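K.L.:
Numbering (the working numbering), first residue to last: 179 to 260.
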C-alpha cells in the first residue's frame, strides 16, 4: 500500500503550488460523497480539504490543491505521538 501512495507524491515539495486563500472545489474522484466546495480561509475546512486530497487525490491533485507552506505549517502544529 505504501508504494501506491509513494507514486502519487511529487518529487519535490515545491511542486505543491495550490492556493492559500480561495474557495476550492474538489473533483468528483476525490470527494464524490461529501462536501466538495471548501473555503481555504476557514482552518477546519482547509484541513478537511488537505486530508481528503492527501488520502484520495491523484498526483496532479496534490500539486493543484496543496500549498507547500500551508502543509508544512499543518505538519509542524500537529500533535506528536508519545
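Where is the CB? At the ideal position from N, CA and C, for every residue including glycine. Because the structure is a prediction, the values reported are computed rather than measured.
At what residues does the beta strand (DSSP E) containing residue 215 begin and finish?
P.N.:
Here residue 215 refers to the residue found at position 37 of the chain shown. It spans 215 to 217 - the beta strand (DSSP E) in which residue 215 sits, taken as one unbroken run.
K.L.:
Does the beta-carbon distance from residue 189 to residue 239 come in below 8 Å?
P.N.:
Sequence index remark: in the chain shown, residue 189 carries index 11 (1-based). Sequence index remark: in the chain shown, residue 239 carries index 61 (1-based). No, the pair does not count as a contact, with Cβ atoms beyond the cut-off.
K.L.:
Is DSSP giving residue 198 helix, strand or coil here?
P.N.:
In the chain shown, the residue the question calls residue 198 occupies position 20. Of the three classes helix, strand and coil, the one that applies to residue 198 here is coil, per DSSP.
K.L.:
Any idea if residue 236 is buried or exposed, counting beta-carbon neighbours within 10 angstroms, 16 or more meaning buried?
P.N.:
As a working note, residue 236 is residue 58 in the chain shown. It counts as exposed.
K.L.:
Run through the region 201 to 253 for me and flag every whole alpha helix (DSSP H) of 4 or more residues, listed as ranges in chain order.
P.N.:
List check, alpha helix (DSSP H) in window: 206 to 209, 221 to 234, 237 to 243.
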